[in-house]
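*Asks:* Using the working numbering, the letters of the sequence shown correspond one by one to residues 1087 to 1192. Here a beta-carbon is modelled for each residue, glycine too, at the ideal position from N, C-alpha and C. It should be emphasised that the depicted structure is a prediction, and the values quoted were computed from it without experimental measurement.
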Amino acid sequence: MTRRTQFAGSASGRRRERRAGLQSEASNSSEVMHRPTPNRVVLQCKRSTADRVMKAVDTETEYHKQILAGAAKYVGYEIEGSICMPDVAIYSAGHRKPTKSIYPAR
1087 MTRRTQFAGS
1097 ASGRRRERRA
1107 GLQSEASNSS
1117 EVMHRPTPNR
1127 VVLQCKRSTA
1137 DRVMKAVDTE
1147 TEYHKQILAG
1157 AAKYVGYEIE
1167 GSICMPDVAI
1177 YSAGHRKPTK
1187 SIYPAR
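1) If we ignore side chains and look at the alpha-carbon of each, how far apart do ALA1157 and THR1135 end up?
2) At the level of alpha carbons, what is the spacing between TYR1160 and GLN1152?
3) What residue range does the alpha helix (DSSP H) around ALA1098 cover?
4) Could you tell me the alpha carbon to alpha carbon distance between ALA1094 and ARG1101, rounded to whole angstroms?
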């Protein structure tokens, strides 16, 4: 049995050719299809900083303000810059109240 018409190509190829004629000239232009893509450095420069980075860098957080207010009440004057609570610093340095030991000093 022989075919009456010769098939050239596949159904997908025929469909692609049919749809190519329906596309607009602007979308078919080579300028749109082959525009240069920016490299990694350009994209990185355009990127904005994330909110979490700004939040981590910001030192004037609500918690920090509360600590400064508590320290100002403790010391009696406004504190500028870094603070160190005396009792906390002494305790963390290892200077604790001596306890009575049942063993004599070794």
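*Replies:* For this structure:
1) As a first step, residue 1157 must be located in the sequence shown, where it is residue number 71. As a first step, residue 1135 must be located in the sequence shown, where it is residue number 49. For the pair ALA1157 and THR1135, the Cα-to-Cα distance works out to about 33 angstroms.
2) For this step, residue 1160 is matched to residue 74 along the sequence shown. For this step, residue 1152 is matched to residue 66 along the sequence shown. Roughly 12 angstroms between the two C-alpha positions.
3) Start at 1 with the first residue of the sequence shown, and residue 1098 comes out as number 12. Per the sequence presented here, residue 1098 reads as Ser, with Ala not at that position. Counted as a single uninterrupted DSSP element, the alpha helix (DSSP H) harbouring SER1098 occupies residues 1097 to 1108.
4) Taking the first residue of the sequence shown as position 1, residue 1094 is located at position 8. Taking the first residue of the sequence shown as position 1, residue 1101 is located at position 15. A straight line joining the alpha-carbon of ALA1094 with that of ARG1101 spans about 12 angstroms.
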